[in-house]
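For reference, the structure discussed in these notes is given below.
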Amino acid sequence: MIMLKYYSNRIFFYTLCCSIMLLNSCSKELDLVPSDSFDDSRAFNTVDDLNGGLIGAYASLGADVITNTSLTSDECNLPKENSTGRGIGTYRWQYDGSGGTITAGWASNYKSIDMLNRALNYVDKVKTKPAEETLKKQYKGEMLAMRAYCHFELLRNFASSYESNGMGVPYMEVSAVSFPSRLSFGATIQKIKTDLLAAKALIPASFVNRTRITLIAVSAMQARVALYEKNWDDALKYSTEVIDATPLANRDQFPLIWKDKAEDEVVWKLKRVSGDSRIGDFYYDTDDIVLYAPAFELINSFDTGNDVRYGAYIKFDDSRGVGTSNYSVNKYLEGNAGRTNLCDVKLYRTGEMYLIRAEAYAKKQNLLLAGADLNALRAARITGYTDVIFADQPALLNAVVLERYKELAFEGHRFFDLRRDGLPVTREPADAINALGSVTLTSANKQYAYPVPNAEIRANSNVKQNPLY
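For the sequence shown, the working numbering gives the first residue as 573, with consecutive numbering after it.
Right, here's the structure in full:
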């Protein structure tokens, strides 16, 4: 049952809400009741309560998609020094519905969705003062957009294919015990688009907090959804909205994004503070062990002397000992207040929007504008870059695939990008030394689509597993 398992999280949710209410309303006399009997109608009585529930939902969002795509794609290699066992089976494509790593996003996203649906059930019932009405609408818009975001992450991860008739995911719009079936990919997309359109009508343009969902963040979501839908007109429209509102970072500011010292071109990020999970821990152990290193294929794709992304994303240290990797992922190594591996998680950036627009123009045979966008992005990243003229559509589309590999490395895209185009995951010999023969993964292999958790299928027979599992 979808969430259905997640009722066990209600105590956490209500405790969080009550804590926020206590902090914001210290003068109130609290009627203390056991947390497991604290119902939704008492949790959401004021606009501040709605914000408390929303903050809880934001806090529940994680970065599993980033680490899992690093494991299953050609972004990383497995150094010999990694003796921890963390993620190794997934890296070697030895996963099925019984595994916890590859399926983690199913439970975590539906947990977030259930939290949002509980708040959405009461948002219109909350009485407001005239001065609070705009804020209440904003909170509702954020909730709807986040619900769409979580469902889209589920879709990217667990769809049987990215074709309209492929199996998508159940779309949960209420918090209720039920036994939903998987919608088609196309039907899931339509539900996501409906929520995003509704959100866009509610979030004011004046709201610009990049650690929450703004109007421009909704446009970025719409652009990415359109990319997967192959709706090129929408992809052009929404990516342009983001590009016009949020310029690319310059080469001086770009490295600072990954140290959390600049927000240039960041559209939406998950704030991380001391005590939160550290995304960099996946790639590098603070005992000086490189757990997953940048793939040599990725390293060799950069102009290492002139491309600002190379140093921002990859660290080279030839002083490390024999049998260790000289390369490590630098993107999440130095972030919040200099704390190793603790970094804000950047979910949407303008760089991605340029690549979405370039791909959409190319698909519509407008090679001139597609090339202009690709050249503009490269010029922003590479010192001394000279524009390239692309001879035909295949050459341009291949260039976009490569540029996405470089620009969006370690941000949760590569595996899905290859799936979108039906391309195999291939690991070069230098990157496959510890892969135990896991060198090529094609659409004929079951692991090309992530499995739905077996526990979900056992609880709800209406949810069907992806093919071949």
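Glycine included, every Cβ here is placed at the ideal spot set by N, Cα and C.
On a predicted model such as this, the values are computed, not experimentally measured, just so you know.
Measure the C-alpha to C-alpha separation of ASN1026 and ILE871 and round it to an integer number of angstroms.
37 Å
Around the C-beta of TYR1022, are 16 or more other C-beta atoms found within 10 angstroms, so that it is buried, or is it exposed?
Counting the other Cβ atoms within 10 Å of the Cβ of TYR1022 gives 16 or more, which makes it buried.
If you compare alpha carbons, which of GLU653, VAL894, THR812 is closest to ILE788?
THR812
Range of the contiguous alpha helix (DSSP H) that encloses LEU769
757-772
Neighbourhood of GLN710 by C-beta distance below 8 Å, restricted to the same chain and skipping five residues each side:
Contacts found: LEU774, ILE775, PRO776, PHE779.
LYS652 versus ALA1016: straight-line alpha-carbon distance, rounded
30 Å
Could you give the first and the last residue of the continuous alpha helix (DSSP H) run that contains ILE1005?
Looking at the DSSP string, ILE1005 is not in any alpha helix (DSSP H), and its letter there is neither H nor E.
Under the three-state reduction of DSSP, which class applies to ILE928: helix, strand or coil?
helix
Taking a contact to mean a Cβ-Cβ separation below 8 Å, would you say LEU980 touches ALA934 in this structure?
no
LYS1036: buried (16+ other C-beta within 10 angstroms of its C-beta) or exposed?
By the Cβ neighbour-count rule, LYS1036 is exposed, with fewer than 16 other Cβ atoms within 10 Å of its own.
Within 10 angstroms of its Cβ, does PHE751 collect 16 or more other Cβ (buried), or is it exposed?
Taking every protein chain shown into account, the CB of PHE751 has fewer than 16 other CB atoms within 10 angstroms, so this residue is exposed.
Got a sec? Which residues, its chain only, sit under 8 Å from ASN902 by beta carbon, not counting five neighbours each side?
TRP830, GLY883, ALA884, TYR885, ILE886, LYS887
Measure the Cβ-Cβ separation of SER732 and PHE987 and say whether it is below 8 Å.
no
Cβ pair count under 8 Å reaching 3, the stretch 917-934 against the stretch 808-825:
yes
Who pairs with GLU906 in a beta bridge, going by DSSP?
Per DSSP, THR912.
Name the residue from THR998, ASN654, ARG881 whose alpha carbon lies nearest to the alpha carbon of PRO827.
ARG881
For the stretch 942-958 against the stretch 851-868, do three or more pairs of beta-carbon atoms, one drawn from each stretch, fall closer than 8 Å, so that the two count as touching?
no
Leaving out the 5 sequence neighbours to the left and right, which residues in its chain are closer than 7 Å to ASP603 when beta-carbon positions are compared?
Its pLDDT being 31, under 50, ASP603 is placed unreliably in this model, and the value from its coordinates should be taken loosely. The answer is none, since no qualifying residue turns up.
Looking only at its chain, what residues have a beta carbon closer than 8 Å to the beta carbon of ILE1029, apart from the 5 residues adjacent to it on each side?
GLY669, VAL1035, LYS1036, GLN1037
For ILE785 and ALA717, believed in contact at Cβ under 8 Å, the rounded distance:
5 Å
So for PHE888, helix, strand or coil by DSSP?
strand
Excluding five sequence neighbours on each side, which residues of the same chain lie with their C-beta closer than 7 Å to the C-beta of THR760?
HIS723, LEU727, GLY740, VAL741, TYR743
With DSSP run on the structure shown, which of helix, strand or coil describes THR1012?
strand
Beta-carbon proximity of PRO919 to GLY852, cut-off 8 Å
The amino acid occupying residue 919 in the given sequence is Leu; Pro does not appear at that position. No.
Can at least three beta-carbon pairs, one atom from the stretch 666-684 and one from the stretch 694-702, be found at a separation below 8 Å?
no
Output needed for CYS648: all residues of its chain with C-beta closer than 6 Å, excluding positions within five of it in sequence on either side, in chain order.
SER642, TYR864, ALA867
Close Cβ partners of THR1014 (< 6 Å) along its chain, the five nearest in sequence each way excluded:
For THR1014, the CB contacts under 6 Å within the same chain, skipping 5 residues up- and downstream, are PRO996 in chain order.
Looking at the unbroken beta strand (DSSP E) that takes in LEU842, where does it start and where does it end?
That run of the beta strand (DSSP E) goes 838-842.
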